[in-house]
Structures are given as C-alpha cells and as structure tokens.
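J.: Note that the protein sequences, when read in sequence, are chains A and B. Note that UniProt numbering numbers the first sequence so that position 94 is 94, with each residue one more than the last. Note that UniProt numbering numbers the second sequence so that position 198 is 198, with each residue one more than the last.
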Amino acid sequence: MVRSQRWKGAAFTVPFQLGFVFLYLIPVGYAVHQSLYREHQSGLGLGGATEEFSGLANYRQGLTDAAFLHAVLRVLLFAAVQIPVMLLVSLVLALFLDGVSARVAGRFRILLLVPYMIPGVVAAIVWINLYSPDVGPLTPLGKVFGLSWNFFAPSMAWPTIGNLLTWHGIGYNMVIIYSALQGVPRELFEAARLDGASERRIALSIKVPYVRGALVLTGMLSVIQMLQIFNEPALFRNVTPQTVGDSFTPIMVIYNQAFNAGNYHYAAALSVLLALILGVASFLFYRLTAREAD
Amino acid sequence: MTLTEERRPARPVRRLTEPDPASRSRGGQRFLLLGLVLASAYSLFPVWWLLVAATKDRTGLYQSNGLWFSGLHLWDNLHQLFTYEHGIFLRWTANSFLYAGLGSLGGTLIALATGYGLARFDFPGRGAVFACVVGSFLVPIALLTLPLYLLFSKIGLVDTPWAMLIPCLINPFSVYLAKVYTEAGIPYEILEAARIDGAGELRIFLTIVLRMMTTGGATVFLLAFVNTWNAFFLPLTVLRGEENWTLNLGLYNWTGKRLESGVDLTSLVLTGALLSIVPMAVMMVAMRRYWRTGVTLGALK
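#1: Hey, is the region 90-102 of chain A in contact with the region 175-183 of chain A, meaning 3+ C-beta pairs nearer than 8 Å?
#2: Give, in chain order, every residue of the region 137-153 of chain A whose Cβ lies closer than 9 Å to some Cβ of chain D.
#3: Given that A:F108 touches chain B, what residues does it touch there, using C-beta distances under 7 Å?
#4: Closer than 8 Å by beta-carbon distance: list the chain A residues that pair up with B:L148, in chain order.
#5: Distance check for A:A281 and B:R126, CA to CA, integer angstroms please.
#6: Starting from the C-beta of B:I141, find all residues in its chain whose C-beta is less than 7 Å away, skip the five residues before and the five after it, and write them out in chain order.
#7: Name, please, each residue of chain B whose Cβ falls closer than 7 Å to the Cβ of A:D134.
#8: Run through the region 191-232 of chain B for me and flag every whole alpha helix (DSSP H) of 4 or more residues, listed as ranges in chain order.
#9: Terminal residues of the continuous alpha helix (DSSP H) containing A:E190?
#10: For a cutoff of 8 Å on Cβ pairs, would you count A:N263 as touching chain B?
#11: By alpha-carbon positions, which one of A:S132, A:I229, A:L188 and A:V239 ends up nearest to B:S261?
#12: State yes or no: is the C-beta of A:T289 within less than 8 Å of the C-beta of A:G219?
#13: Quick check: is the beta carbon of A:N129 nearer than 8 Å to any beta carbon in chain B?
#14: Quickly, what does DSSP pair A:F53 with across the bridge? List them, please.
#15: Does the beta-carbon of A:N260 have 16 or more other beta-carbons within 10 angstroms, so that it is buried, or is it exposed?
#16: Any beta-carbon of chain A closer than 8 Å to the one on B:Y84?
#17: Name the residue from A:L227, A:A268 and A:Q257 whose alpha carbon lies nearest to the alpha carbon of A:T249.
#18: Can you tell me whether B:G125 is helix, strand or coil according to DSSP?
#19: Checking contacts by CB at 8 Å: is B:L210 closer than that to chain A?
#20: Run the CB neighbour count on B:H79, radius 10 Å, all protein chains shown included, and call it buried at 16 or more, exposed below.
#21: If you measure from the beta carbon of B:Y176 to each beta carbon in chain A, is any gap under 8 Å?
#22: Thinking C-alpha only, which one of B:M212, B:F225 and B:L61 is nearest B:M283?
#23: Please check if any C-beta of chain B sits within less than 8 Å of the C-beta of A:N256.
#24: With a CB to CB cut of under 8 Å and the five nearest residues on each side skipped, what residues in its chain are close to B:F97?
#25: Return no unless some Cβ of chain A is closer than 8 Å to the Cβ of B:L269.
#26: To the nearest angstrom, how far is the alpha carbon of A:G19 from that of B:N171?
#27: Quick one: give me the first and last residue of the alpha helix (DSSP H) that A:N173 is part of.
#28: Buried or exposed: which applies to B:G200, given that a residue is buried once 16 or more other Cβ atoms fall within 10 Å of its Cβ?
#29: Under three-state DSSP, which class holds B:S23?
#30: Give the list of continuous alpha helix (DSSP H) stretches no shorter than 4 residues that lie fully inside the region 129-179 of chain B.
#31: With a CB to CB cut of under 6 Å and the five nearest residues on each side skipped, what residues in its chain are close to A:Y210?
#32: Starting from the C-beta of B:K257, find all residues in its chain whose C-beta is less than 6 Å away, skip the five residues before and the five after it, and write them out in chain order.
#33: Check B:L74 in the structure and name its three-state DSSP category.
#34: In terms of alpha-carbon separation, which member of A:N173, A:P115, A:A275 and A:F53 lies closest to B:A41?
#35: Return the CA-CA distance between A:R237 and A:V253, expressed in angstroms with no decimal places.
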C-alpha cells in the first residue's frame, strides 16, 4: 500500500480517536486523579474546601467499606444464581426451537423476542406493577391458590429482580445460542440417528457441546452487565424503598457517594475499584469456562 | 454484498439435508411445542397486562381483573398523559427522539469511517486504536459517567442536550460492528479499481463505501438508537431540569411521586410506558432483518 494512502486511511479514524480521548481516556484519567485526592475543610469550614493529595487512602477506605463490599458480594452471589438459570432456560428454548420445523421456529422466535424490544426501565416498571399488591394481578392470583405472597418483602428483592432480568434477557440469549446451533453440521445428527441415538441424547451430546462458545460469550456479557446493575434496583427503590436498600448494588453505592454525599473523590476511587473487579471477574469467568470446554 | 445477504441462502440449503420433522416422534414434537407455547406466554403476558392496564381508569386499575379489560378509557388516559403539567410528556418524547436520532446518526457516521479505516488500511497505530475499542467494553459506566459529569459541569454542558448528544457520538461497539461489516462487505478490488480510475480516498468513502454499507450502517444506527433510547444512568447523571429529560427519566420520576408527594401517577406511568415501547417496536419490526445480524454479531465480540 502506498504510504500516503495509509495516512489517508488513518485520517478516517481521527474523529473517533479525538472523541475517544475526550470521552474515554480523559474521563478515566480524571477519575483516577480524583481518586488520589481528598477534600479538606479548612478551619470551621468557613474558608471552603481544599483538595489535598491523599495517596491510596480512598482505596484503603473502599476496601474496608462494609457497604461497598457487601454490595459487590451481593451482586456476585446473585449473578452466580441468575446467570446460570437464565442461560439454561435460553439454551433449552434454543434447543426446542431447533427441534421444530423452520417455519414454526421463526414464529416462536419473534414471540420470544418481544421482551427484548422493551426498554429496560419500562420492563422494570411493568414488572414492579405486576408484583404490586395494589394493582398487580399476581397477588390475587396467589390468593386463588391459597398463597399470600408479598413480592415487596425485603427477602423477595433478588427473586423479583432475577425474574425481571430473566424475562428480559431470555430472548436475546436464546437467539444467540440458536444461531450457534444453526452452525452445527446436520450430517452429525443423521449419523447419530443411524447409530440409534435418541433426540435427547443428540441434544445433550452434540448440540450442547457445540454451542459452548456461544454460552461462554453470553455468560461473560451477562457477568459484566450484572456487576453494574443499577436501573432495576433503582426503580424498585423508587417505589418500595423498604424492599431495596440505598446501597444495594455497587453502582448505587457509588452514585450515592457522588450525588447524595457529594464525595466525588471517594466515588471515583470506588469506580476504579469496580472496574478492577469487573476485569478480574471477566478474566476468571473466561478462564474457568474456557478450561471446562477443553 | 453484505453480511446479511451472504447469510440468507445458507439456512434453507442446510435445512434441506435435515430429515422431515414429521418423521420424528409425534409426542416429542408436541412436547417441544408445549414448551415453546408456555415460554411465549411468559414472554407476552406482562406486555398484555400493560396493554390492558393502559385502557383502564383508576378504579378499573385497582379493582378489576388485571388480565382483562374493564371499560375502555385509553383515550382519557392519553389525554391526561399529554396534558399533564403542560404536556411535559411530549417534551420528553421529543427529547428522546432528538438524543437517540441525532446522537446515533452522528455516532454511526463516525463509526463507519473508523471501521472502514481500521478494516481497509494498514497504518501505524491501527492495533492500538482497535485495542482501545475492545478494551472500552470492560469500562464500567460509572467510571466514565461520573468524571464526565464533573468535566461537563466545568464547561457548562451539564443540563443541556449536549451532555446527552456528545457521548453518543463515540460508540466503540458501533466501531467494532462497522469494522466487521466492512471486512465482510467491501472487497479490496473495488477500492483498487476506483483508485486506478483516479478517485480520491474521501470520494471513494463517500460515494462507494457508504453506499455499499447501507445494510451494515442501518444495523449500527438501529442498535445505537435503541441503546440511547434505553439509556438511564447517563441522563440521570447529567440532566437535572425536567425540560431536558428523556422518557425513561420522566417515567422514573413519576414512579417515585407517590412516596415523595402522595400523588399517585400509576395510571399515567403505565400509559406512558406503553407509548414508549411503540417507537422501539415499530423500528425493530420494520428493520428486523438488520438487527438480527447485529444481535448475533454482538455475541461474537
């Protein structure tokens, strides 16, 4: 390739590079810088606050902050339950779709994708109202079966949010697994059938191993999303504060530190910590699942 | 040729080699269908409930069976929704369209140029740019949004439409998609031929590449639009006054009104929620050929 041509090619990427510097690199750098400082009230607080270099003090505080650590642990535990359940349901549905004729599969695929078309905030609003003892149909439905469940009880926070996320995420994950299934060579099934394998056996021994890659990827995307969960618990908190505490998830802790306590420096340190946790979690998830696939 | 067009013939051909499903056991097929019907019912019943709830007045909402109609009050609800607080809901709708439309348009153009540059030119630093694109997938939103809020407030952008529009212009995932689509859809030969004919690089991009990338570009735009329409954390952080809010932010605020000031807006919230789905549904159905490939590609990143 001609040299000048290369530079012209580079020029196509310049707007993005500039934007990336201003909207990604500088903000992250600024957050790291902020996280190393603290605000000090001079005297009686009359002279206003001054910024003072504090080294890693904010990080030390973050690593011993019970509210933040509990939030991280709470979300990790939740992810460990919700993500496998959601992926399992998506996988089963994808296998079901793969087992029926292409025409039928096409119709059901559209129906199952409907939740994915609904904005996350709206999905949360709908489910919160479905759970609601005032307007929701689930409470009277429970009474029919003699159950008096209260979805707004604090102990129900995760199950209700988990169901909401599963409902919202099944279609998307199913489509990805289903398209991976489309790539399985069909000759394999015929050979297996000739050998007398049942459809269930074919699904478990041929199809599932074949889509492991897709499962790892959707799983990893879900882990990344889950650690940053904010919208759903924030909406729950807006309606039933007794169900969801104000430090329920890591991002909620960070948001409160920044906008309710006005402690940007500490919030910045917590965001950096969360980024590191996210990196480690995705790396571990990838290593664990990739090894299993060998 | 684009990725979608390339893929389409693959499925029917493969399906031909598959044995007729009818030849398999009847009971097995019934079991599969039953499972799919149940799953579809689970997927659809909340949407059905929302649709029914939006047609009820307050008494109906609180007292009648949630899964069936009780009087048709949809028009009253819409009237109330659009006149509440001098039609603030319309304002939010317009804002959502503005941010998602304009932001995604700009973001898509930048992404297509970047993807083209990355996919078809070998310049020093190309690997670094691509590493930034992929690396940014792992950056949590809080780590970006909080400092962005502080920086924007220093230059007076907080609480203006710019605070929403500017971040939309740079979307690494769009760049990633644009690169993949260029690699699949723009052959080197065409570029060479255009160069031999004496066309400049910018002209090649504007007249040949952009035209050949209509499908890919539409997918990138659609996904960016959906993303911005659904955004919550960014608008919550950078928008203060309600005249700049998005639909999501407005609905969020309304859901909290009951505890905050004792005003029960549930009926308005539900009607508004139903309306805010409509643009998404229309767009996704109209462009389903495009976004399906985007959804699948999203998993491959």
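Backbone N, C-alpha and C define an ideal beta-carbon position, used for all residues, glycine too. Note that this is a predicted model, so its numbers are computed, not measured.
T.: In this structure, then:
#1: yes
#2: The structure shown contains no chain D; its protein chains are A and B.
#3: The count along the first sequence starts at 1 and reaches residue 108 of chain A at position 108. Within 7 Å Cβ-Cβ: L36 and S40.
#4: Numbered from its first residue, the second sequence carries residue 148 of chain B at position 148. Those are L23 and P27, listed as they occur along chain A.
#5: On the second sequence, residue 126 of chain B is found 126 positions in, with the first residue counted as 1. On the first sequence, residue 281 of chain A is found 281 positions in, with the first residue counted as 1. Roughly 28 Å between the two C-alpha positions.
#6: Position 141 of the second sequence holds residue 141 of chain B. The answer, listed in chain order, is F233.
#7: Position 134 of the first sequence, counting from 1, holds the residue named residue 134 of chain A. Here the neighbours are Y62.
#8: 214-230
#9: The sequence position of residue 190 of chain A within the first sequence is 190, counting from 1. A:E190 -> alpha helix (DSSP H) spans R186 to L194.
#10: For the purposes of this step, residue 263 of chain A is identified with residue 263 of the first sequence, where counting begins at 1. For A:N263, the answer is no, since every Cβ of chain B falls outside 8 Å of its Cβ.
#11: The count along the second sequence starts at 1 and reaches residue 261 of chain B at position 261. Per the Cα distances, A:V239.
#12: Taking the first sequence and counting its residues from 1, one reaches residue 289 of chain A at position 289. Taking the first sequence and counting its residues from 1, one reaches residue 219 of chain A at position 219. Yes, the pair counts as a contact, with Cβ atoms nearer than the cut-off.
#13: Residue mapping note: residue 129 of chain A aligns to position 129 of the first sequence, counting from 1. It does; some Cβ of chain B falls within 8 Å.
#14: Sequence index remark: in the first sequence, residue 53 of chain A carries index 53 (1-based). DSSP, once it has assigned bridges, lists A:Y37 as partnering A:F53.
#15: Looking up residue 260 of chain A in the first sequence gives position 260. The residue is exposed, with fewer than 16 neighbouring Cβ atoms inside 10 Å.
#16: Position 84 of the second sequence, counting from 1, holds the residue named residue 84 of chain B. Cβ-Cβ to chain A under 8 Å: no for B:Y84.
#17: The sequence position of residue 249 of chain A within the first sequence is 249, counting from 1. The shortest Cα separation from A:T249 among A:L227, A:A268 and A:Q257 belongs to A:L227.
#18: Within the second sequence, residue 125 of chain B is the residue found at index 125, counting from 1. Coil at B:G125, not helix or strand.
#19: As a position in the second sequence, residue 210 of chain B is number 210, starting the count at 1. False, the Cβ-Cβ gap to chain A never drops below 8 Å.
#20: As a working note, residue 79 of chain B is residue 79 in the second sequence. That one is exposed.
#21: By 1-based counting over the second sequence, the position of residue 176 of chain B is 176. No, B:Y176 does not count as interfacial toward chain A.
#22: As a working note, residue 283 of chain B is residue 283 in the second sequence. Selected option, being the one with the closest Cα: B:F225.
#23: The residue you call residue 256 of chain A lines up with position 256 of the first sequence. With 8 Å as the cut-off, A:N256 does not count as an interface residue toward chain B.
#24: Residue numbering aside, residue 97 of chain B sits at position 97 when the second sequence is read from its first letter. P279.
#25: Sequence index remark: in the second sequence, residue 269 of chain B carries index 269 (1-based). The question names Leu, but residue 269 of chain B is Val in the sequence shown. B:V269 counts as touching chain A.
#26: Taking the first sequence and counting its residues from 1, the one referred to as residue 19 of chain A is at position 19. Taking the second sequence and counting its residues from 1, the one referred to as residue 171 of chain B is at position 171. Between A:G19 and B:N171, the C-alpha separation is close to 9 Å.
#27: Position 173 of the first sequence, counted from the first residue, corresponds to residue 173 of chain A. Segment A157 to L181, the alpha helix (DSSP H) holding A:N173.
#28: The residue you call residue 200 of chain B lines up with position 200 of the second sequence. B:G200 comes out exposed.
#29: Counting from one through the second sequence, the residue named residue 23 of chain B turns up at place 23. Unreliable placement is indicated for B:S23, whose pLDDT of 47 sits below 50; no coordinate value is reported for it.
#30: 141-154 and 162-169
#31: Within the first sequence, the letter at position 210 stands for residue 210 of chain A. Cβ neighbours of A:Y210 beyond the five flanking positions: V184.
#32: Locating residue 257 of chain B in the second sequence gives position 257, counting from the first residue. Contacts found: V263 and L265.
#33: Stepping through the second sequence from its first residue, residue 74 of chain B is reached at position 74. Residue state, collapsed to three classes: helix.
#34: Reading the second sequence from its first residue, position 41 is the one you call residue 41 of chain B. Here the closest residue by C-alpha is A:P115.
#35: Counting from 1 along the first sequence, the entry for residue 237 of chain A is found at position 237. Counting from 1 along the first sequence, the entry for residue 253 of chain A is found at position 253. Looking at the two C-alpha atoms, the distance is approximately 13 Å.
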